[in-house]
Every structure is written in C-alpha cells, then in structure tokens.
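In my numbering, the protein residues as written are -8 to 146.
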C-alpha cells in the first residue's frame, strides 16, 4: 500500500490547527477513513515555556492563604479548583506561541488510486488547510523518508 503525506504549517495559529483537526475528524467519521486518513499534530517550542510560566505564579499566591488559618482551610477546596483550571489555561497560552504543524498521512491501497487523488486534491483546497501552505510529499520524493520518520516519532 502506497501512502503520501500532506504537511501543513499553521505557524502560531493554534485555533486554525484545531479547526483543521476537527474537520479531518469529521471526514474520518463521515467517509469511514479510519486507517486511510491519519494525522498527527507537531508542536515545537512549547515544551520549554509552559514550565517556566506555571512555576512562577504559584509560590507568590501560596503564602497569603496559609496566614488565614481555619478560614483558608474551608475555602481551600474552591481555591484549589480555581488553581487547577488556571494552570490549564496557562499551559494552552504558551502552546500558541510555539509553531504548530499538522502531518496528514493518506494510506490507500493500490486499487484506490482515484480516491487517494481526490483526497490529495481536496484537503489542500479546503479553507483551514489552504492558509497553512500545504506541501504534498509522495513516496518517490526525496524528503519522504524524513517525513515518514517524523510522523512515526510524533504521538
């Protein structure tokens, strides 16, 4: 079975990448393309910055709560749930500062060449993908091996 890749680079636009991912999920379900259309999101430069931004604010907010005594213990449950949602929001914000790209693998059998060609034409022409400067990588291209290894390395 031959397969091809479409590399989509969204830059720092996390929202467009999520729209594209959602559209691919819809197509996978509607057209039953479970094994034939797979994608993985590649986020670069986002692993370093969330740790620094999450670690700094928490020590500054912790000392005032300890000095309140029993009142702080009762409200600690509400404060803890508010703190739990705040770091989650902070983790998403730095991720948008990093570059986001999407690797789509089309994996059709040899007798489905027409279907593969239709998807290779359709995906780059649709709206969330069009703005991401799509790059199609076929099996005979020079950069296919590196793209294949990158796809397998992503989670």
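C-beta: ideal position from N, C-alpha, C; glycine also.
Can you name the start and end residues of the beta strand (DSSP E) that residue i belongs to?
i, result
"residue 99", "90 to 99"
"residue -5", "-7 to 2"
"residue 126", "126 to 128"
Anyone know if the C-beta pair for residue i and residue j falls short of 9 Å?
i, j, result
"residue 91", "residue 1", "yes"
"residue 12", "residue -4", "no"
"residue 14", "residue 97", "no"
Using the Cβ count rule (16 or more neighbours within 10 Å means buried), how would you classify residue i?
i, result
"residue 33", "buried"
"residue 8", "buried"
"residue 5", "buried"
"residue 133", "exposed"
If you follow the alpha helix (DSSP H) that residue i is part of, which residue opens it and which one closes it?
i, result
"residue 15", "5 to 21"
"residue 112", "104 to 116"
"residue 136", "135 to 144"
Contact defined as beta carbons within less than 8 Å: I believe residue i pairs with residue j. What is the distance between those atoms, to the nearest angstrom?
i, j, result
"residue 95", "residue 114", "6 Å"
"residue 106", "residue -7", "Rounded, the Cβ-Cβ distance is 12 Å, inconsistent with contact."
"residue 10", "residue 119", "4 Å"
"residue -1", "residue 93", "4 Å"
"residue 89", "residue 19", "Rounded, the Cβ-Cβ distance is 26 Å, inconsistent with contact."
According to DSSP, what are the bridge partners of residue i?
i, result
"residue 28", "97"
"residue 33", "92"
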